[in-house]
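In order, the protein sequence lines correspond to chains E, G and R.
Taking the numbering used here, the leading residue of the first sequence gets 27, the next gets one more, and so forth.
Taking the numbering used here, the leading residue of the second sequence gets 27, the next gets one more, and so forth.
Taking the numbering used here, the leading residue of the third sequence gets 27, the next gets one more, and so forth.
Glycine residues also receive a C-beta, built at the ideal position from the N, C-alpha and C atoms.
Take a look at the structure below.
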Amino acid sequence: MITLASDFGSPYPAAMRGVLARRTDARVVDVTHDLPRQDVRGAAFWLRFVLPEFPPAVHCAVVDPGVGTDRDAVVVRAGDHLLVGPDNGSLLPPARALAGDDDPEVFEWRVEDPASSTFHGRDVFAPAAAAVHEGAPPGTAESAENLLALDQVARTDEFVDLTLPEPTVRESGADGEVLVVDDFGNAITNVPGTTLPAPPDEGGPGSITVDGERVPLVSTFAGVDPGERLVTVGSHGYLECDVNRGRGDEAFDLEPGASVTFRWGTSG
Amino acid sequence: MITLASDFGSPYPAAMRGVLARRTDARVVDVTHDLPRQDVRGAAFWLRFVLPEFPPAVHCAVVDPGVGTDRDAVVVRAGDHLLVGPDNGSLLPPARALAGDDDPEVFEWRVEDPASSTFHGRDVFAPAAAAVHEGAPPGTAESAENLLALDQVARTDEFVDLTLPEPTVRESGADGEVLVVDDFGNAITNVPGTTLPAPPDEGGPGSITVDGERVPLVSTFAGVDPGERLVTVGSHGYLECDVNRGRGDEAFDLEPGASVTFRWGTSG
Amino acid sequence: MITLASDFGSPYPAAMRGVLARRTDARVVDVTHDLPRQDVRGAAFWLRFVLPEFPPAVHCAVVDPGVGTDRDAVVVRAGDHLLVGPDNGSLLPPARALAGDDDPEVFEWRVEDPASSTFHGRDVFAPAAAAVHEGAPPGTAESAENLLALDQVARTDEFVDLTLPEPTVRESGADGEVLVVDDFGNAITNVPGTTLPAPPDEGGPGSITVDGERVPLVSTFAGVDPGERLVTVGSHGYLECDVNRGRGDEAFDLEPGASVTFRWGTSG
């Protein structure tokens with residue numbers, strides 16, 4: 027199986043599907059082509075969220091603001107999964123989630139003379155994903171050979187790494203950051219729900235302050251009336267600022283990168 | 027075959043595709059993930075329109091404004107099709123269309139401790155769809171057993187039902203309602219084209235009044251000039267208020283739920 | 027393999043997927059359903075760009091502003107590919123790209139009494155694509171027979187043709203036209219990059235004037251600072267007016283059909 031993810035919208039991903047169909051009979055599954063545009067960190071967040079749901083696969087994921095510069099291309103081995111994309115850090119957070127207790131291994135190559143300097147999804151990464159997929163099962167000696175069969179691929183420790191920012195957690199709260207805003211307008215932060223004294227539906231605090239304003243802390247959107255603001259622990263495990271049947275990003279005035287301060291102590 | 031439909035936009039449906047790929051080799055076909063957001067009735071309209079085009083399949087369809095409340099989950103058997111989703115009525119109009127002369131049978135279970143209280147598409151319905159699919163062909167004794175293998179699944183008559191609203195039809199017209207607005211801006215009503223004295227291309231009236239204003243009644247968009255308003259019978263069989271190469275919802279000031287009065291009598 | 031392309035957005039394409047799934051086990055790959063709406067020329071541009079990436083396939087492509095009029099339906103044989111869609115010219119530019127040195131052959135039939143006069147994607151073209159696919163491999167005598175098995179299909183020379191407009195090229199520049207604006211806001215013209223005295227990364231001019239204003243001519247978006255305007259040769263081979271991490275159509279005030287004058291001579 028090969029999965030495809032990008033920020034290309036439409037119709038560019040179709041060119042990648044064609045390139046793959048010419049080179050492999052692998053089942054191809056689109057993850058999404060609406061990753062946050064040219065946002066390496068946002069892409070890393072979503073890929074870390076969704077790729078672990080898949081069985082072992084080759085994941086071709088291209089959010090690539092540096093396309094056409096001299097950034098390299100990488101294949102990352104993570105457990106039984108392989109990730110293919112640009113060397114800009116976007117693949118490392120999902121790779122760590124996929125690799126479990128092991129460290130991901132990064133193989134890197136220099137992109138020489140692609141057909142275009144603006145569409146490496148078609149010209150570099152889709153062909154590489156097909157090549158890797160047609161090799162031996164990932165995680166075996168044979169697949170290492172297959173990786174080496176890509177021009178100039180060698181394991182490296184000098185790749186671009188990325189770690190999603192950690193919040194500052196205190197007994198009574200946390201200072202965090204909005205990582206992404208989803209299609210529903212939910213502003214998803216980097217503060218894990220596990221930092222709460224208890225989950226909302228198991229005796230946790232009934233409310234929380236967000237940047238000084240008190241908001242219900244509930245286990246589900248339906249815990250407040252339509253149009254009302256709320257904080258909940260989303261399906262990714264992080265605190266998010268939402269509105270039931272509305273847009274949290276607008277109601278809280280939050281966008282990716284914005285700081286957000288939560289307080290759950292009684293002092294507000 | 028398993029089909030997927032939701033109002034999740036992107037990238038949440040990818041998590042459902044991953045869950046399915048881990049559990050079954052079934053062919054997975056996306057219906058759409060842009061169903062009208064949190065609109066149970068709109069979802070029912072579109073599912074009733076599109077699912078009958080498919081061969082026998084398991085249809086996993088999740089438009090679920092009550093996620094995280096104590097609403098139950100259902101599997102609906104409808105002819106050779108099975109539908110899986112929340113117990114909110116959205117599956118019943120398509121199930122009746124799929125079941126033909128028979129009544130759909132509803133099997134229901136209580137959702138216990140899912141991994142999240144906000145993403146049952148991933149945590150409840152996709153796994154249930156895979157489980158049902160891996161059973162015997164729908165409609166056989168074996169598939170009934172397989173349904174029962176889901177925790178606490180039993181046939182019920184106490185499910186949430188939904189019937190799309192019927193128009194009031196008179197000899198000279200009909201009082202109806204807009205059910206959905208499609209991507210093109212066509213405002214689709216609940217008034218069947220069969221209520222017209224004759225189809226527009228077979229001697230039917232050449233015009234119709236919409237809320238008191240006379241508009242051409244034509245068999246195709248191209249029956250009026252670009253930018254002009256029209257009423258036609260859409261591919262779903264209902265009267266819709268459109269603009270050739272424009273947006274009918276804006277030109278007629280209509281949105282889902284809006285009342286609309288058609289008159290085809292000479293008295294206007 | 028059958029590919030699907032349209033300007034239908036969502037959820038109409040699902041009906042086409044269902045129709046295909048009922049009639050064939052062929053692998054179905056969505057190209058895109060966000061082709062420029064009711065823009066035959068824009069559709070032709072994108073189809074010519076993306077279909078040549080695919081292996082031999084039946085391509086069902088429906089951008090059809092004339093649906094419901096008496097326009098005919100066509101199957102176009104182009105090399106080892108077959109294209110199915112309305113007789114409005116949209117299939118000819120991609121067919122010529124797919125046919126290589128040969129001429130495409132056009133087979134035409136009159137659409138009689140379809141189930142709807144507004145959704146021929148479901149009622150005419152998807153069934154025809156399935157029928158053609160279930161025939162012999164394209165390009166053989168058997169497939170010609172299969173084509174003839176469609177009602178009233180016969181080769182014709184009286185189809186609607188379409189040629190994308192050619193620019194006027196001078197030694198010091200070119201007068202062209204914007205053909206499409208992509209999802210990123212890049213305004214893509216009909217001026218081939220090969221008209222430049224040399225490519226931007228091989229000693230070509232470092233700047234170019236667009237409608238009299240001087241703009242950097244670079245080989246990649248990253249060649250200018252974020253927010254800055256640029257001209258580059260896109261992955262389709264044509265000059266496009268872009269903004270690094272922004273929208274070129276807005277910054278240059280260009281839309282499909284707009285004239286654009288490039289000058290690369292020193293006289294500006």
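- Output yes if chain G places a C-beta closer than 8 angstroms to the C-beta of R:Ser198; else output no. Residue numbering aside, residue 198 of chain R sits at position 172 when the third sequence is read from its first letter. It does not: the Cβ of R:Ser198 has no partner Cβ on chain G nearer than 8 angstroms.
- Residue-chain proximity (E:Gly165, chain R), Cβ-Cβ < 8 angstroms: Stepping through the first sequence from its first residue, residue 165 of chain E is reached at position 139. Low local confidence applies: a pLDDT of 49 at E:Gly165 is under 50, so the model's placement there is unreliable, and no value is given.
- Task: Would you mind telling me which residues of chain R sit closer than 7 angstroms to E:Ser142, beta carbon to beta carbon, in chain order?
- Result: Within the first sequence, residue 142 of chain E is the residue found at index 116, counting from 1. Result: Ser261.
- Query: Are the C-beta of G:Ala40 and some C-beta of chain E separated by less than 8 angstroms?
  - Reply: Position 14 of the second sequence, counting from 1, holds the residue named residue 40 of chain G. It does; some Cβ of chain E falls within 8 angstroms.
- Exposed or buried, which one is G:Ala40 when buried takes at least 16 other CB atoms within 10 Å? Here residue 40 of chain G refers to the residue found at position 14 of the second sequence. Classification for G:Ala40: buried.
- Message: I believe R:Arg4 touches R:Phe133 by the beta-carbon criterion, under 8 angstroms. Please report the beta-carbon distance rounded to the nearest angstrom.
- Response: There is simply no residue 4 of chain R to check, as chain R begins at 27 and stops at 294 in what is shown.
- Query: Within 10 angstroms of its Cβ, does G:Pro120 collect 16 or more other Cβ (buried), or is it exposed?
  - Reply: The residue given as residue 120 of chain G occupies position 94 in the second sequence. Counting Cβ neighbours within 10 Å, G:Pro120 comes out buried, since at least 16 surround it.
- Strand pairing of E:Glu203, partner residues [DSSP]: For this step, residue 203 of chain E is matched to residue 177 along the first sequence. E:Ser285, per the DSSP bridge assignment.
- Query: Listed in chain order, which residues of the stretch 83 to 105 of chain E have Cβ atoms closer than 8 angstroms to some Cβ of chain R?
  - Reply: Pro91, Gly92, Val93, Gly94 and Thr95
- Shorter than 8 angstroms from the beta carbon of E:Glu79 to some beta carbon of chain G? Taking the first sequence and counting its residues from 1, one reaches residue 79 of chain E at position 53. Interface residue, yes.
- Query: From R:Trp72 to G:Pro193, what distance separates their C-alpha atoms?
  - Reply: To locate residue 72 of chain R, count along the third sequence from 1; it is residue 46. To locate residue 193 of chain G, count along the second sequence from 1; it is residue 167. When rounded, the distance between both Cα atoms is 43 angstroms.
- Closest residue to R:Asn212 among R:Asp227, R:Thr258 and R:Leu188 (Cα-Cα distance): Looking up residue 212 of chain R in the third sequence gives position 186. Nearest C-alpha to R:Asn212: R:Thr258.
- For E:Gly115 versus E:Asp187, is the C-beta spacing smaller than 8 angstroms? Within the first sequence, residue 115 of chain E is the residue found at index 89, counting from 1. Within the first sequence, residue 187 of chain E is the residue found at index 161, counting from 1. Contact flag set, yes.
- Message: Counting only Cβ pairs nearer than 9 angstroms, list the residues of chain G close to E:Leu61.
- Response: Start at 1 with the first residue of the first sequence, and residue 61 of chain E comes out as number 35. Ser36 and Pro37, listed in chain order.
- Task: Step through the CB atoms of chain R and report whether any lies within less than 8 angstroms of the CB of G:Phe247.
- Result: Position 221 of the second sequence, counting from 1, holds the residue named residue 247 of chain G. Judged by the 8 angstroms Cβ criterion, G:Phe247 is in contact with chain R.
- Message: Just to confirm before moving on: does the CB-CB distance between R:Leu61 and E:Pro282 stay below 8 angstroms?
- Response: For the purposes of this step, residue 61 of chain R is taken as residue 35 along the third sequence, with counting starting at 1. For the purposes of this step, residue 282 of chain E is taken as residue 256 along the first sequence, with counting starting at 1. No; because the gap between Cβ atoms is not below 8 angstroms, this pair is not in contact.
- Local conformation of E:Val150 per DSSP, three classes: Counted from its first residue, the first sequence places residue 150 of chain E at position 124. Helix at E:Val150.
- Message: Comparing C-alpha positions only, which one of E:Leu118, E:Glu276 and E:Thr221 sits nearest to E:Arg67?
- Response: Translated into positions along the first sequence, residue 67 of chain E becomes position 41. Closest by alpha carbon: E:Leu118.
- Item | Spatial neighbours of G:Val54 in its chain, beta-carbon cut-off 7 angstroms, leaving aside the 5 residues before and after | The residue given as residue 54 of chain G occupies position 28 in the second sequence. Excluding positions up to five away in sequence, the list reads Ile28, Leu30, Arg43 and Leu46.
- Query: Which first and last residues belong to the beta strand (DSSP E) in which E:Leu108 is found?
  - Reply: To locate residue 108 of chain E, count along the first sequence from 1; it is residue 82. It spans His107 to Pro112 - the beta strand (DSSP E) in which E:Leu108 sits, taken as one unbroken run.
- Identify every residue that forms a DSSP beta bridge with E:Asp268. The residue labelled residue 268 of chain E in the question sits at position 242 within the first sequence. E:Asp268 pairs with E:Leu256.
- Query: Does DSSP classify R:Leu243 as helix, strand or coil?
  - Reply: Numbered from 1 along the third sequence, position 217 holds the residue referred to as residue 243 of chain R. Of the three classes helix, strand and coil, the one that applies to R:Leu243 here is strand, per DSSP.
- In this structure, what does DSSP give as the bridge partners for R:Ser233? Start at 1 with the first residue of the third sequence, and residue 233 of chain R comes out as number 207. Answer is R:Pro242.
- Beta-carbon proximity list for E:His85, same chain, < 6 angstroms, skipping 5 on both sides: For this step, residue 85 of chain E is matched to residue 59 along the first sequence. Contacts found: Thr29, Leu77 and Leu109.
- Distance between beta carbons of E:Val101 and E:Val158, contact taken as under 8 angstroms: Taking the first residue of the first sequence as 1, we reach residue 158 of chain E at position 132. Taking the first residue of the first sequence as 1, we reach residue 101 of chain E at position 75. About 6 angstroms; that satisfies the 8 angstroms criterion.
- Message: I'd like to know if E:Gly44 contacts chain R, where contact means its C-beta is closer than 8 angstroms to some C-beta of that chain.
- Response: As a position in the first sequence, residue 44 of chain E is number 18, starting the count at 1. It does; some Cβ of chain R falls within 8 angstroms.
- Report the neighbours of R:Arg271 on chain E: residues whose CB is nearer than 9 angstroms to its CB, in chain order. Counting from 1 along the third sequence, the entry for residue 271 of chain R is found at position 245. The answer, in chain order, is Arg63, Gln64 and Pro91.
- Task: Whole angstroms is fine: what's the gap from G:Glu79's alpha carbon to E:Glu239's?
- Result: The residue labelled residue 79 of chain G in the question sits at position 53 within the second sequence. The residue labelled residue 239 of chain E in the question sits at position 213 within the first sequence. Going from the Cα of G:Glu79 to the Cα of E:Glu239 covers about 50 angstroms.
- Using DSSP with H/G/I as helix, E/B as strand and the rest coil, what is R:His159? The residue you call residue 159 of chain R lines up with position 133 of the third sequence. Reduced to three states, the DSSP call for R:His159 is helix.
- Message: Can you look up E:Phe133 in the DSSP assignment and give me helix, strand or coil?
- Response: Translated into the one-based positions of the first sequence, residue 133 of chain E becomes position 107. E:Phe133: strand per DSSP, three-state reduction.
- Message: Within the continuous beta strand (DSSP E) that includes G:Arg196, where are the two ends?
- Response: Taking the second sequence and counting its residues from 1, one reaches residue 196 of chain G at position 170. G:Arg196 -> beta strand (DSSP E) spans Thr194 to Arg196.
- Message: Rounded to whole angstroms, what is the Cα-Cα separation between R:Thr221 and R:Gly199?
- Response: As a position in the third sequence, residue 221 of chain R is number 195, starting the count at 1. As a position in the third sequence, residue 199 of chain R is number 173, starting the count at 1. Cα to Cα, the separation comes out at about 8 angstroms.
- What did DSSP end up calling R:Asp56 once you bin it into helix, strand or coil? The residue given as residue 56 of chain R occupies position 30 in the third sequence. Looking at R:Asp56 - three-state DSSP - the assignment turns out to be strand.
- Query: Are the C-beta of R:Phe278 and some C-beta of chain G separated by less than 8 angstroms?
  - Reply: Stepping through the third sequence from its first residue, residue 278 of chain R is reached at position 252. For R:Phe278, the answer is no, since every Cβ of chain G falls outside 8 angstroms of its Cβ.
- Query: Whose C-alpha, out of E:Ser143, E:Val250 and E:Trp290, is nearest the C-alpha of E:Asp237?
  - Reply: What you label residue 237 of chain E is simply residue 211 of the first sequence in a count that begins at 1. That would be E:Trp290, whose Cα lies nearest to the Cα of E:Asp237.
- Nearest residue (CA-CA) to E:Arg122, options E:Gly92, E:Ala104, E:Ala248 and E:Ser245: In the first sequence, counting from the first residue as 1, residue 122 of chain E sits at position 96. Selected option, being the one with the closest Cα: E:Ala104.
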